[in-house]
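Here the structure comes first, spelled out in structure tokens, and everything after it is commentary.
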Amino acid sequence: MIQPQTHLNVADNSGARELMCIRVIGASNRRYAHIGDVIVAVIKEAVPNTPLERSEVIKAEIVRTRKELKRDNGMIIRYDDNVAVIIDQEGNPKGTRIFGAIARELRQLNFTKIVSLAPEVL
Amino acid sequence: MRLEKCWFCSSTVYPGHGIQFVRNDAKIFRFCKSKCHKNFKMKRNPRKVKWTKAYRRLHGKDMTQDSTFEFERKRNRPERYDRNLAENTLKAIKKIDKIISDRASDHIKNRLKTGKVQRQKEARKQLELGIHLVKAPLALAQDSSLCLPKIKVNVSQAQTEENQPMED
Numbered sequence: 001m002i003q004p005q006t007h008l009n010v011a012d013n014s015g016a017r018e019l020m021c022i023r024v025i026g027a028s029n030r031r032y033a034h035i036g037d038v039i040v041a042v043i044k045e046a047v048p049n050t051p052l053e054r055s056e057v058i059k060a061e062i063v064r065t066r067k068e069l070k071r072d073n074g075m076i077i078r079y080d081d082n083v084a085v086i087i088d089q090e091g092n093p094k095g096t097r098i099f100g101a102i103a104r105e106l107r108q109l110n111f112t113k114i115v116s117l118a119p120e121v122l
Numbered sequence: 001m002r003l004e005k006c007w008f009c010s011s012t013v014y015p016g017h018g019i020q021f022v023r024n025d026a027k028i029f030r031f032c033k034s035k036c037h038k039n040f041k042m043k044r045n046p047r048k049v050k051w052t053k054a055y056r057r058l059h060g061k062d063m064t065q066d067s068t069f070e071f072e073r074k075r076n077r078p079e080r081y082d083r084n085l086a087e088n089t090l091k092a093i094k095k096i097d098k099i100i101s102d103r104a105s106d107h108i109k110n111r112l113k114t115g116k117v118q119r120q121k122e123a124r125k126q127l128e129l130g131i132h133l134v135k136a137p138l139a140l141a142q143d144s145s146l147c148l149p150k151i152k153v154n155v156s157q158a159q160t161e162e163n164q165p166m167e168d
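Chains A and B, in that order, give the protein sequences.
Using the UniProt record's numbering, the first residue of the first sequence is number 1, and each one after it goes up by one.
Using the UniProt record's numbering, the first residue of the second sequence is number 1, and each one after it goes up by one.
This is how it looks when you write it as structure tokens:
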């Protein structure tokens with residue numbers, strides 16, 4: 001349940017450390033974003049000497065949330081933190097490595113590049 | 001489909017039940033119900049929580065080593081479906097379940113046996129001492145069949161002297 005002002009960690013090596021959600025992409029008054037949704041975010045904290053800088057507005061894809069993810073087979077999964085991966089307009093990740101586990105739902109949503117880079121898909 | 005074990009209480013989690021929590025190091029904690037999940041969030045150690053299997057095994061309340069536990073080992077290689085194999089497995093599961101529960105209840109019975117014997121001994125002693133509350137001493141004297149048969153216990157002299165202050 002990510003909404004504007006939510007801080008998220010970053011799961012790739014694009015250079016950003018922490019993002020703040022500005023907008024949930026979808027409908028005009030869409031309230032929350034879950035795993036698999038795209039958000040517009042601003043970079044709050046960045047690793048120095050990388051292409052991404054603080055207070056840059058970028059798009060990101062949510063890969064882990066503290067809010068439970070419900071699957072059709074009745075499985076309910078909860079992660080430990082809210083994490084996103086920075087993507088470009090087409091949906092390709094900006095970084096070259098992904099850290100941590102990724103939810104399987106991303107494969108159905110055509111984020112195959114992210115899923116292929118992920119060390120673990122749960 | 002796989003039947004998992006709850007991380008906290010070690011009961012089986014059937015599909016559609018419970019919550020899985022994935023930690024940042026990708027370790028999965030499965031819980032059978034919100035009670036276990038909430039205890040986990042409270043950072044309680046299952047080895048110290050009395051109603052969990054971990055506590056019971058650790059403190060010897062339930063049996064820990066048995067050959068039947070080999071049947072429940074996690075196998076990662078899927079078996080090709082074979083009707084006969086499936087049928088035999090189902091029959092075996094029933095039998096093994098009965099064996100396991102019998103052995104577990106035997107273990108508990110053995111564990112509680114010493115306490116039971118102790119309690120019976122104490123009850124007998126109490127009845128002997130307090131027989132005058134049950135039946136009037138006059139009636140007992142007249143009809144000695146109402147007494148409990150006295151148990152002969154060989155006790156050394158030193159022991160009787162030790163026991164006397166306790167009987168007060």
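By construction, the Cβ of each residue, glycine as well, lies at the ideal position given by its N, Cα and C atoms.
Small disclaimer: the values here were computed from a predicted structure and weren't measured.
Query, Result
"Which one of B:L129, B:Q20, B:C32 has the shortest CA to CA distance from T12 of chain B?", "B:C32"
"From the DSSP output, in three-state form, read off L129 of chain B for me.", "helix"
"Determine whether the beta carbon atoms of A103 of chain A and I35 of chain A lie at a separation below 7 Å.", "yes"
"Pick helix, strand or coil for K44 of chain A, following the three-state DSSP scheme.", "strand"
"Got a sec: which bits of the UniProt domain \"TRASH\" (6-44) of chain B sit with their beta carbon under 8 Å from any beta carbon on chain A, in order along the chain?", "P15, G16, H17, G18, I19, Q20, F21, V22, R23, N24, A26, I28"
"What is the DSSP secondary structure of T52 of chain B, counted as helix, strand or coil?", "coil"
"Could you tell me whether the Cβ atoms of K59 of chain A and V40 of chain A are closer together than 7 Å?", "yes"
"Using 7 Å as the threshold, is the C-beta distance between Q20 of chain B and I62 of chain A below it?", "no"
"Note down, one range per segment and in chain order, each alpha helix (DSSP H) of at least 4 residues found wholly within the region 60-131 of chain B.", "83-129"
"When the cut-off is 7 Å and only beta carbons count, does A118 of chain A lie next to chain B?", "no"
"When the Cα atoms are used, what is the spatial distance from K48 of chain B to G60 of chain B?", "13 Å"
"Run through DSSP, which three-state label would A26 of chain B get?", "coil"
"Please list the residues of the region 67-90 of chain A that have a C-beta atom closer than 8 Å to any C-beta atom in chain B, keeping them in chain order.", "E68, N73, G74, M75, I76, I77, R78, Y79, D80, D81"
"Can you tell me whether H37 of chain B is buried or exposed, with buried defined as 16 or more other CB within 10 angstroms of its CB?", "buried"
"Under the rule that 16 or more other beta-carbon atoms within 10 Å means buried, what is N82 of chain A, buried or exposed?", "buried"
"Here's the rule: buried if 16 or more other CB atoms are within 10 angstroms of the residue's CB, otherwise exposed. What is K113 of chain B?", "exposed"
"Compute the beta-carbon to beta-carbon distance between I22 of chain A and V42 of chain A, rounded to the nearest angstrom, for a pair I have assumed lies under 8 Å.", "6 Å"
"Can you pull the DSSP bridge partners for Y79 of chain A?", "B:V22"
"On the premise that G74 of chain A lies in contact with G16 of chain B, defined as a C-beta separation below 8 Å, what is that separation, rounded to the nearest angstrom?", "3 Å"
"Looking at the unbroken alpha helix (DSSP H) that takes in N29 of chain A, where does it start and where does it end?", "Per DSSP, N29 of chain A belongs to no alpha helix (DSSP H) and is neither H nor E."
"Relative to the C-alpha of Q3 of chain A, which residue among A:E45, A:L106, A:A33, A:E120 is closest?", "A:A33"
"Using the rule of at least 16 other Cβ atoms within 10 Å of the residue's Cβ for burial, across every protein chain shown, is D143 of chain B buried or exposed?", "exposed"
"Select from A:T6, A:V10, A:M1 the residue whose C-alpha is nearest the C-alpha of T96 of chain A.", "A:V10"
"Does the distance from the CB of P93 of chain A to the CB of D12 of chain A come in under 7 Å?", "yes"
"Start and end of the beta strand (DSSP E) containing C21 of chain A?", "16-24"
"Would you say L106 of chain A lies against chain B (beta-carbon separation less than 7 Å)?", "no"
"Using a C-beta to C-beta distance shorter than 9 Å, which residues of chain B count as neighbours of L122 of chain A?", "Q20, V22, A26, I28"
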